[in-house]
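In this note's numbering, the protein residues as written are 170 to 741.
Backbone N, C-alpha and C fix where the C-beta goes; we use that ideal spot for every residue, glycine too.
These numbers come from a predicted model, not from an experiment.
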């Protein structure tokens, strides 16, 4: 029995890092973990093969948190795959379309998360039960989801911001005389339309709260004001005063959009005793204001409707800076309304003489829209190469250049050489974040085998570095105790850490070698194409039960440096 215990050999393995001093040139590519996920303009994700369609739908909530069915366009998201505490970004910046949707296809089974970057104008983040902003919307794709045709739906929310609209009534006499008691107490009727068809509360001079359904009327006397204090930001409205036979009407702000942190005003002035004979030339001018309006908006045409008395309405369009003139009979009642521009990223911020009476030889009507949609920045750069006159140097077919917003990848472009021999790239991305701060953009690229990359501003220069081949991992096998008459075979496993390059013969990300009895062996030559510190884990595979195996896991570290355009290898 004692002899049997003695024959259980102590199997001890010693490892040493042996450098290959003859550095060999090789064009073998490094095993970098890099994925090129490119988001198309239709927000379609191109990645692993899967039938899954994921649809995020952004809805509005009231400031109190009640869910509305209104879609929210222009909200910006990033997408992540989640594995425990690790989050890997997928694609670039996704933006909800006019129906409030983002559609992503090609995602495999797993856990994911949409993270909201910036709500659109007039909205803010949803709140959880503790009052904290909700920015993350997790979802899971099961194996059945990936193989099926039913979309995975993700619902996300933004809360509406609110602001106010006032309707003011003024009455004067053309000759400057004092108002009569009848003029001071007369009721004037206003029709109020809201683009969402909703019902909203108002007060007249701070009095009782009243409700008005869109399309219904309210009445005001001289000097009174009706205040709607809780209207959604961006809501389009039109206000019309019913004309009377004894006065003419001028107006400002009769049509417009509810503006964040500002009071919108519709002011109507009735003038008694004004002469209304002859003809009136009414000229309607379109003004577009706002900083950094995208070039794509330069040809935007805005739609208008003009109604005179009870005649059939006239439709026309105007671009920024254009105008159109109409001839009316003095005394005609007219209204001019603009189609709601908010879906295109504009607030109707100022209107002068949009409704009233043709009461002067010339009336100038101006409609001013302010752009509040996403302000886009163009980030352009050039990729250049220094091959160092090395005949072994070769350019890749393409490179992947990333755009980072405040350090987070938001877009990826595949860049190729153009017909002029240049490698140019350009990104279009929002200029401001949700807090109105300018986004700091930088560029980076996927590692290119054989090249060292230097980024200057938004330009990238790659310099060819001669690769180096080394055989850094050698195993020495030692058997303690009584050695068997016939040598047994022992196996050893090398596993790369963090994407370190591996020698030929690697299978499923690892390489196995064997030694018969005692002796030494190495895992083969490894080609290094970029400076860095690379680590490998080396273990023995447990085999014959007659041995006590060395259970230690050994870490081999290889340091690759660069000197005068040549990679050099050392071990740590």
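Asked: Is the CB-CB distance between residue 384 and residue 366 below 9 Å?; Found: yes
Asked: Going by other Cβ atoms of all chains shown within 10 Å of its Cβ, with 16 needed for buried, is residue 732 buried or exposed?; Found: exposed
Asked: Would you list, in sequence order, the uninterrupted alpha helix (DSSP H) runs of no fewer than 4 residues that lie entirely inside the stretch 273 to 347?; Found: 312 to 316
Asked: Per DSSP, what kind of secondary structure is residue 495 in: helix, strand or coil?; Found: strand
Asked: At the level of alpha carbons, what is the spacing between residue 724 and residue 696?; Found: 19 Å
Asked: By how many angstroms is the C-alpha of residue 256 removed from the C-alpha of residue 662?; Found: 29 Å
Asked: Taking the beta carbon of residue 585 as the centre, do at least 16 other beta carbons fall within 10 Å, making it buried, or is it exposed?; Found: exposed
Asked: Could you pull the DSSP bridge partners for residue 730 from this structure?; Found: 737
Asked: Taking residue 670 as part of the beta strand (DSSP E), name the residues at either end of that continuous run.; Found: Careful: residue 670 lies outside any beta strand (DSSP E) and carries neither H nor E.
Asked: Once you ignore the five residues that flank residue 393 on each side, which residues in its own chain have a CB closer than 8 Å to its CB?; Found: 337, 338, 373 and 374
Asked: Whose CA, out of 521, 538 and 332, lies closest to the CA of residue 532?; Found: 521
Asked: Please classify residue 428 as buried or exposed, where buried requires at least 16 other C-beta atoms within 10 Å of its C-beta.; Found: buried
Asked: Which residue marks the beginning of the beta strand (DSSP E) containing residue 379, and which one marks its end?; Found: 379 to 382
Asked: Taking only three categories from DSSP, how would you classify residue 465?; Found: helix
Asked: Assess contact between the stretch 458 to 466 and the stretch 395 to 403, defined as three or more Cβ pairs (one per stretch) separated by less than 8 Å. Is contact present?; Found: no
Asked: Which term fits residue 361, buried or exposed, when burial requires 16 or more other beta carbons within 10 angstroms of its beta carbon?; Found: buried
Asked: Using three-state DSSP, classify residue 354 as helix, strand or coil.; Found: helix
Asked: Let me confirm a value: residue 403 is counted as buried when at least 16 other C-beta atoms fall within 10 Å, else exposed. Which label applies?; Found: buried
Asked: Starting from the C-beta of residue 672, find all residues in its chain whose C-beta is less than 7 Å away, skip the five residues before and the five after it, and write them out in chain order.; Found: 680, 692, 693, 694 and 695
Asked: Name the residue from 529, 540 and 231 whose alpha carbon lies nearest to the alpha carbon of residue 519.; Found: 540
Asked: With DSSP collapsed to three states, give me the class of residue 512.; Found: helix
Asked: Less than 8 Å between the CB atoms is what I'm expecting for residue 633 and residue 516, so what's the real figure, rounded?; Found: That pair is no contact at about 54 Å.
Asked: Three or more beta-carbon pairs under 8 Å between the stretch 263 to 272 and the stretch 290 to 306, yes or no?; Found: no
Asked: Would you report the Cα separation of residue 258 and residue 232, rounded to the nearest angstrom?; Found: 31 Å
Asked: Less than 6 Å between C-beta atoms, sequence neighbours within five positions excluded: which residues of the same chain meet that for residue 320?; Found: 222 and 224
Asked: Indicate the three-state DSSP secondary structure (helix, strand or coil) for residue 251 in the structure shown.; Found: strand
Asked: Using a Cβ-Cβ cutoff of less than 6 Å, which residues in the same chain neighbour residue 314 once the five nearest sequence positions on both sides are dropped?; Found: 221 and 321
Asked: Should the stretch 484 to 496 be regarded as contacting the stretch 446 to 456, the criterion being three or more beta carbon pairs within less than 8 Å?; Found: yes
Asked: If you check the beta carbons only, do residue 703 and residue 676 fall under 9 Å apart?; Found: no
Asked: Identify which residue in 579, 559 and 657 has its Cα closest to the Cα of residue 283.; Found: 579
Asked: Does the Cβ of residue 185 have 16 or more other Cβ atoms within 10 Å, making it buried, or fewer, making it exposed?; Found: Because the pLDDT of residue 185 is 38, which lies under 50, any placement of that residue in the model is unreliable, and the number read from its coordinates should be weighed accordingly. Under this definition residue 185 is an exposed residue.
Asked: What are the uninterrupted segments assigned as beta strand (DSSP E) that are 3 or more residues long and contained completely in the stretch 563 to 601, given in chain order?; Found: 568 to 574, 577 to 584 and 592 to 599
Asked: Are the CB atoms of residue 307 and residue 290 nearer to each other than 9 Å?; Found: no
Asked: Where do the ends of the beta strand (DSSP E) carrying residue 397 lie?; Found: 394 to 401
Asked: Please state if the CB of residue 525 and the CB of residue 503 are separated by a distance shorter than 9 Å.; Found: yes
Asked: What do you reckon, are the CB atoms on residue 712 and residue 649 nearer than 9 Å?; Found: no
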